[in-house]
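If you're matching positions, the sequence shown starts at 322 in the numbering used here and goes up one per residue. Inspection log for the structure reproduced underneath, given as structure tokens.
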Amino acid sequence: MKKLKVAILYYSSTGVNYQLAQWATEAAQSAETEVRRLKFRETAPQQAIEGNDAWKAFHNSEENKRETEASLDDLEWADVLIFSVPTRYGSVPSQVQSFIDTTGGLWFEGKLANKVVTAMTSAQNVHGGQETTLLSIYKTMMHWGAIPVAPGYTFQESFEVGGNPYGTSTQTDGTGKVLDDVKPGVEKQVKRAIEVAGWLQHGRNA
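And the structure:
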């Protein structure tokens, strides 16, 4: 069986979802997949970035500058899509939506169908829109014909970090810190998505 190809797509203004994406990368690599970690291009005006110390610090950091920006070719390449994005008023950030809005050609050609998708998110409040943000992502994926694979309650780690069945979510303090011990949940969620994608690949090739 050929190696599965995993694209970890994230947007991070202060570094929280960058951290989640790093943990997701480690989990995918340990599952012996081909992995690309990719950031959504920053589209916010410089004035907005400069007005937030944490945003400015991460945006200008060397680790952020080293990251590769996501492209439509990456979407077509991947078998598994793992999203990690913060919530913005209960939905995805505009940087993410701007990218999604360019995928019409791939969608029309059926090149986004049957990809396994799972998603993670963060917010400063316990009920800051995490669940609706994840559902917003999955709703788009359904239009693509992709296959959402949420963690549900299939592993104990889900309960230990709040029990969000749609995907791992964490609180932040606005300075780029992950306030919850979600790394085990990220690892289990990623490996579940890869496992399901493996079943699909095996069935298609049988």
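The beta carbon of each residue, even a glycine, is placed where N, CA and C say it ideally should be. For clarity, every value in this text was computed on a predicted model and none was experimentally measured.
Close beta carbons around residue i, own chain, < 8 Å, minus the five adjacent residues each side
i: residue 416; result: 332, 361, 362, 363, 364, 365
i: residue 513; result: 439, 470, 472, 475, 476
i: residue 495; result: 335, 375, 445
i: residue 377; result: 370, 371
i: residue 395; result: 328, 330, 357, 359
Same chain only: Cβ atoms within 7 Å of residue i, ignoring 5 sequence neighbours per side
i: residue 411; result: 450, 453, 454
i: residue 393; result: 423, 424, 427
i: residue 457; result: 412, 413
i: residue 345; result: 329, 403, 405, 507, 511
i: residue 461; result: 421
Rounded C-alpha distance that separates residue i from residue j
i: residue 506; j: residue 388; result: 24 Å
i: residue 269; j: residue 429; result: It is not possible to answer for residue 269, since the shown part of the chain is limited to 322 through 527.
i: residue 342; j: residue 444; result: 15 Å
i: residue 510; j: residue 442; result: 13 Å
i: residue 446; j: residue 348; result: 27 Å
i: residue 459; j: residue 437; result: 11 Å
i: residue 264; j: residue 525; result: Given that the chain is displayed from residue 322 to residue 527, the structure contains no residue 264 and the question cannot be resolved.
i: residue 522; j: residue 352; result: 15 Å
i: residue 431; j: residue 357; result: 22 Å
i: residue 480; j: residue 448; result: 16 Å
i: residue 339; j: residue 407; result: 10 Å
i: residue 484; j: residue 409; result: 21 Å
i: residue 478; j: residue 385; result: 29 Å
Beta bridge counterpart(s) of residue i as assigned by DSSP
i: residue 331; result: 360, 405
i: residue 355; result: 326
i: residue 367; result: Note: residue 367 sits in no beta bridge, so no partner.
i: residue 518; result: Paired residue(s): none; residue 518 is not in a bridge.
i: residue 439; result: 403
i: residue 469; result: 438
i: residue 492; result: 444
i: residue 389; result: 359
i: residue 412; result: 409
i: residue 499; result: 493
Cβ neighbours of residue i in the same chain (closer than 6 Å, five flanking residues each side left out)
i: residue 330; result: 359, 391, 404
i: residue 355; result: 324, 326
i: residue 482; result: 501, 503, 506
Status (buried if at least 16 other CB within 10 Å, exposed otherwise) for residue i
i: residue 379; result: buried
i: residue 497; result: buried
i: residue 434; result: exposed
i: residue 463; result: exposed
i: residue 381; result: exposed
i: residue 486; result: exposed
Within the chosen definition, does the region 396–409 reach the region 366–382 through at least 3 CB pairs nearer than 8 Å? No: the two stretches stay apart, fewer than three of their Cβ pairs being nearer than 8 Å.
Tell me, please, whether the region 502–509 touches the region 409–425 by the rule of three or more beta-carbon pairs shorter than 8 Å. Touching, no.
Give a yes or no on contact between the region 507–520 and the region 466–477, applying the rule of three or more CB pairs nearer than 8 Å. As far as the Cβ criterion goes, the region 507–520 touches the region 466–477, which means the pair count is three or higher.
Count Cβ pairs between the region 371–391 and the region 479–491 that sit closer than 8 Å; are there 3 or more? Result no; under three Cβ-Cβ pairs closer than 8 Å.
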